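Notes to accompany the following structure.
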Amino acid sequence: MITPEIRELQVFLALVKSGSFSAAAQQLGVTQPAVSAQILKLEQMIGLPLFYRSPEGTAITDQGQALVPLVEDIVKEYTDLLRRAAYWKRSQTKQVKIWTDGSRIAQEAKMLSQTSLPGSATEAWSELEAGVDWLQALKNLETDIVLAGSFLKAAEVPGIKTVIVRQQRGVTIAWNPTYYVFNRDSFGLPDAISSTCILPADSLAIGFREFLTQWCKSVYGLALEEVIECRSEQDAVNACKLGLGVMIFPGDAEERMKLAHSGLEAVRAFEFILPKAFTFGIRYRAEEQNPQILATVAGLKEKLGKPR
Numbered sequence: 001m002i003t004p005e006i007r008e009l010q011v012f013l014a015l016v017k018s019g020s021f022s023a024a025a026q027q028l029g030v031t032q033p034a035v036s037a038q039i040l041k042l043e044q045m046i047g048l049p050l051f052y053r054s055p056e057g058t059a060i061t062d063q064g065q066a067l068v069p070l071v072e073d074i075v076k077e078y079t080d081l082l083r084r085a086a087y088w089k090r091s092q093t094k095q096v097k098i099w100t101d102g103s104r105i106a107q108e109a110k111m112l113s114q115t116s117l118p119g120s121a122t123e124a125w126s127e128l129e130a131g132v133d134w135l136q137a138l139k140n141l142e143t144d145i146v147l148a149g150s151f152l153k154a155a156e157v158p159g160i161k162t163v164i165v166r167q168q169r170g171v172t173i174a175w176n177p178t179y180y181v182f183n184r185d186s187f188g189l190p191d192a193i194s195s196t197c198i199l200p201a202d203s204l205a206i207g208f209r210e211f212l213t214q215w216c217k218s219v220y221g222l223a224l225e226e227v228i229e230c231r232s233e234q235d236a237v238n239a240c241k242l243g244l245g246v247m248i249f250p251g252d253a254e255e256r257m258k259l260a261h262s263g264l265e266a267v268r269a270f271e272f273i274l275p276k277a278f279t280f281g282i283r284y285r286a287e288e289q290n291p292q293i294l295a296t297v298a299g300l301k302e303k304l305g306k307p308r
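Counting along the sequence shown from 1, when you hit position 222 you're at 222 in our numbering, and nothing is skipped either side.
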């Protein structure tokens, strides 16, 4: 019996989700004829039409719709198998995969870890990609450790443990006085959000933009109209220096991002009501038993915990 290959099933799901052969091809990074050929091959193997084709577009058939849950389960099992295999390979080769956000602290951690003791794990460092759900990635064994910031309890989820490196109060608002003239004595958040807002991406402070959006809407009746979202602290500082907007970051960004000699003005807000607003931590799986990963976490904790 001839059975479909996993690639054909992945193409099937991509077409279901995207709704067109051209969009599926773009998503998969292949040509549209390649997508058409794999779907036709899948239909021939199964013996059922899975999609209607017409000049108006593509639509899934009832038979195709009935297959979706089954194919999703198969592709998920296949993906999970590859992740578990990659995790097992890392454990055998003593490699620890570490993802970092674009903060100064994370870059410092990477620099401090350049020198390792003989016999210790090989650390494979990479920066978080845009839009990646690093909490889910940790659970799925895609990575072993994540060094990243979070707002309030956004990163407190079952199965993920956090070693706190830095915890800070409130929110910092900063601007370039050459482009924005604010009265520090009467300055408030509505003044900032009336301008373009420079905010951290979720990879820098997961949960912060969602909180700020809801807070401004419920308390001030205002929406964040124009936003520049930055994946690194340095990008945010540079944008602020150029006068592209007002920077709003959780915690003591003035200290954390070294703003004292940047030429920017800064004020703190919500320090009393948000005593644990920002947390930078070393994140890893709560049930982790790999000694190389646990030793790496301990080493990072020691290095980042020392006065600098």
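No residue lacks a Cβ here, since even glycine has one placed at the ideal position from N, Cα and C.
Note that this is a predicted model, so its numbers are computed, not measured.
Short of 8 angstroms in beta carbon distance, which residues of its chain neighbour T31, apart from the five on each side in sequence? Order them along the chain. A25
For V181, is the classification buried or exposed, using 16 other Cβ atoms within 10 angstroms of its Cβ as the cut-off for buried? exposed
Which residues in the same chain as P4 place their Cβ atom closer than 7 angstroms to its Cβ, once the five residues preceding and following it in sequence are excluded? Same-chain partners within the cutoff: L42 and M45.
Under 8 angstroms by Cβ, that's how I've got T296 and A121 pegged, so tell me the actual separation to the nearest angstrom. Yes, T296 and A121 are in contact; Cβ-Cβ is about 6 angstroms, under 8 angstroms.
Alpha carbon to alpha carbon, how far is W175 from V219? 23 angstroms
Per the contact definition of three or more C-beta pairs closer than 8 angstroms, is the region 254-271 in contact with the region 230-243? At 8 angstroms Cβ cutoff, the stretches touch.
If P309 sits next to L222, beta carbons under 8 angstroms apart, how far is it from one beta carbon to the other, in whole angstroms? It is not possible to answer for residue 309, since the shown part of the chain is limited to 1 through 308.
By Cβ distance, which residues of its chain are closer than 6 angstroms to A155, with the 5 residues on each side in sequence left out? I206
Mind checking who V171 pairs with in its DSSP beta bridge? P250 and A269
Buried or exposed by the 16-neighbour rule on C-beta atoms within 10 Å, applied to K76: Exposed: under 16 other Cβ atoms inside 10 Å.
Reducing DSSP to helix, strand and coil, say where Q44 ends up. helix
Label I164 either buried or exposed according to how many other C-beta atoms from any shown protein chain fall within 10 Å of its C-beta, with 16 as the threshold for buried. exposed
What do you reckon, are the CB atoms on G305 and T162 nearer than 8 angstroms? no
Please report the straight-line C-alpha distance between L224 and C216, rounded to a whole angstrom. Taking the straight line from one Cα to the other gives about 8 angstroms.
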